[in-house]
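Step one of this worksheet: look at the structure below.
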Amino acid sequence: TRFTFRTGRHVPRLGVMLVGWGGNNGTTVTAAVLANKLGLSWMTKTGRKKANYYGSLLQASTVCLGTGPTGDVYVPFRDLLPMVHPNDIVFDGWDISSLNLAEAMRRAEVLDWPLQEQLWPHLEKMKPRPSIYIPEFIAANQEERADNVLHGSMAEQMEQIRRDIRDFKETSGVDKVIVLWTANTERFCDVVPGLNDTADNLLRAIERGLEVSPSTLFAVASILEGCAYINGSPQNTFVPGAVELAAQRRVFICGDDFKSGQTKLKSVLVDFLVGAGLKTKSIVSYNHLGNNDGKNLSAPQQFRS
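End of the sequence shown sits at 305 in the UniProt record's numbering; the numbers just go up one at a time, nothing left out.
Here's what the structure looks like:
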C-alpha cells in the first residue's frame, strides 16, 4: 500500500472545541496556553517559574534532517512544516458540569495557586456549553456533576452540538475547528448489525434514539460539520458506521486514548523490559493522582474499556 501525505501551507486560525472542557485536561491546557500567551510568571517554593512550552513535542523538540559537512543537522520540529502556534488557538467546548473554567481549575488542583490567581479573571469568563449526558455510559458517581446537560431526543441533542460548532466558528472567526474528546471514559458500545455497522444504520439509530454513546454522537456531529474529531479516551467511539461516515465525508478522525499519564509510562517501561530480555507478565498500578478520571474508572464497565 502506498500513501501520499499532503499538508496545506496556509496556517489557519484554529479553534479547538473540547468535550469535557471543565475537566482536568481541559482546564489545564486552556490555562497553560493562556499563561504562555500572557507571559505569566509565579513564585513556587523552589523559585520563580515562567510559563513555557518545554513539555510540548512540537514546540520544544528537534528533528535530525540529516548529516552535513560539520555533522548532524537539527531543526525545531515546529519549523518542519507550517504549523499553528499554541498561543493562537481559540478554545471552546462542552461539559456536563456548569462550573466556569476558573472554578474548574481550582477544583482540578493541578496548577500552583499564585498562577491560578493571575489566570482567574480570564478563565472565569469561559463557561462550557451544555453537553450530552447519558448516565448508563459513565460511572454513576459522575451524576453529582451533571448540572449542565442537553435535553430532548438523541437526534435533537446531536443537532444542538452541530449548532454549537457553527456558532463557535461564526462568533470566534476561526477558519477551522477541531473537536477533541477529553471527557470521561465510557463503557464499550456493542457493534450490532443494523444499529451501528454502517453510516446509514448509525444515522437511523440516532434518529430512533437507540444505543449510541455520547462520544459517538459528538463524532457524528463533528463529521457532519466537516470538523476533524480526535478521541482521547479508550472506549470504542469509532464504531464501523462512524468510520464509514467519516470516509464518505472525507473528514479526519483519529485516536483511542491520550496515553498522557501512567499509561504512557507503562508502555515505555514494558518496551525497556522486553528489550532487556525480561518477560513482563503483569503490571499493577495505583492511580493515586487520577482525580476525577480515577473516580470514573472505579466503576467496572468504565475500567474494562
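No residue lacks a Cβ here, since even glycine has one placed at the ideal position from N, Cα and C.
Residue i to residue j span [Cα, whole Å]
{"i": "Arg6", "j": "Leu81", "result": "11 Å"}
{"i": "Pro12", "j": "Val90", "result": "11 Å"}
{"i": "Thr46", "j": "Ala104", "result": "26 Å"}
{"i": "Ser41", "j": "Trp94", "result": "29 Å"}
{"i": "Arg162", "j": "Gly55", "result": "33 Å"}
{"i": "Val268", "j": "Gly275", "result": "11 Å"}
{"i": "Asn196", "j": "Ile134", "result": "17 Å"}
{"i": "Ala140", "j": "Pro193", "result": "29 Å"}
{"i": "Arg9", "j": "Ile132", "result": "36 Å"}
{"i": "Glu159", "j": "Arg48", "result": "47 Å"}
{"i": "Leu289", "j": "Asn25", "result": "With a pLDDT of 47 at Leu289, under the threshold of 50, the modelled position of that residue is not reliable, and no figure is offered here."}
{"i": "Lys125", "j": "Ala108", "result": "17 Å"}
{"i": "Val191", "j": "Arg208", "result": "17 Å"}
{"i": "Gly71", "j": "Ala60", "result": "21 Å"}
{"i": "Tyr53", "j": "Leu14", "result": "18 Å"}
{"i": "Gly39", "j": "Asp167", "result": "30 Å"}
{"i": "Ser305", "j": "Asn236", "result": "Its pLDDT being 49, under 50, Ser305 is placed unreliably in this model, and the coordinates cannot settle the point."}
{"i": "Asp147", "j": "Leu101", "result": "15 Å"}
{"i": "Val110", "j": "Ile283", "result": "26 Å"}
{"i": "Arg106", "j": "Arg250", "result": "40 Å"}
{"i": "Trp21", "j": "Gln248", "result": "29 Å"}
{"i": "Met17", "j": "Ser172", "result": "12 Å"}
{"i": "Arg204", "j": "Arg2", "result": "35 Å"}
{"i": "Lys281", "j": "Val270", "result": "10 Å"}
{"i": "Pro234", "j": "Lys50", "result": "34 Å"}
{"i": "Met83", "j": "Glu225", "result": "23 Å"}
{"i": "His122", "j": "Leu210", "result": "40 Å"}
{"i": "Glu144", "j": "Ser98", "result": "11 Å"}
{"i": "Ala35", "j": "Gly23", "result": "18 Å"}
{"i": "Val69", "j": "Trp120", "result": "According to the sequence displayed, residue 69 carries Pro and not Val. Answer to the nearest angstrom: the Cα atoms are 52 Å apart."}
{"i": "Ala85", "j": "Thr4", "result": "Correcting the residue type first, residue 85 is His in the shown sequence and not Ala. If you take the alpha carbons of His85 and Thr4, they lie about 25 Å apart."}
{"i": "Lys266", "j": "Asp200", "result": "39 Å"}
{"i": "Thr62", "j": "Glu186", "result": "36 Å"}
Whole-angstrom C-beta distance between residue j and residue i, which should lie under 8 Å
{"i": "Asn87", "j": "Lys37", "result": "4 Å"}
{"i": "Leu245", "j": "Leu180", "result": "At roughly 18 Å, the Cβ-Cβ gap does not stay under 8 Å, so Leu245 and Leu180 are not in contact."}
{"i": "Gln142", "j": "Asn184", "result": "6 Å"}
{"i": "Gly241", "j": "Thr198", "result": "5 Å"}
{"i": "Thr67", "j": "Val73", "result": "7 Å"}
{"i": "Thr44", "j": "Asp112", "result": "6 Å"}
{"i": "Val239", "j": "Thr216", "result": "6 Å"}
Contact under 7 Å by Cβ, residue i with residue j
{"i": "Gly255", "j": "Ile230", "result": "yes"}
{"i": "Ile96", "j": "Met154", "result": "no"}
{"i": "residue 347", "j": "Gly232", "result": "Shown here, the chain extends from 1 to 305; a query on residue 347 therefore has no answer."}
{"i": "Val19", "j": "Phe218", "result": "yes"}
{"i": "Ala228", "j": "Phe252", "result": "yes"}
{"i": "Pro130", "j": "Leu150", "result": "yes"}
{"i": "Val174", "j": "Ile165", "result": "no"}
{"i": "Leu65", "j": "Arg78", "result": "no"}
{"i": "Phe272", "j": "Ser213", "result": "no"}
Task: In chain order, each beta strand (DSSP E) run of at least 3 residues that lies wholly inside the region 156-181 - done: 176-181
- [ ] Please specify which runs of the alpha helix (DSSP H), each continuous and at least 4 residues long, are wholly inside the region 186-249, giving them in chain order.
- [x] 199-208, 214-224 and 240-249
- [ ] Would you check if there are 3 or more beta carbon pairs closer than 8 Å linking the region 109-118 to the region 26-35?
- [x] yes
Open item on the list: Suppose only complete runs of 4+ residues qualify. What are the alpha helix (DSSP H) ranges in the region 10-49, listed by chain order?
Closed with: 24-38
Task: Residue ranges of each beta strand (DSSP E) within the region 100-124, 3 or longer - done: none
TODO: Give, in chain order, every unbroken run of the beta strand (DSSP E) that is at least 3 residues long and sits entirely within the region 63-92.
DONE: 71-76
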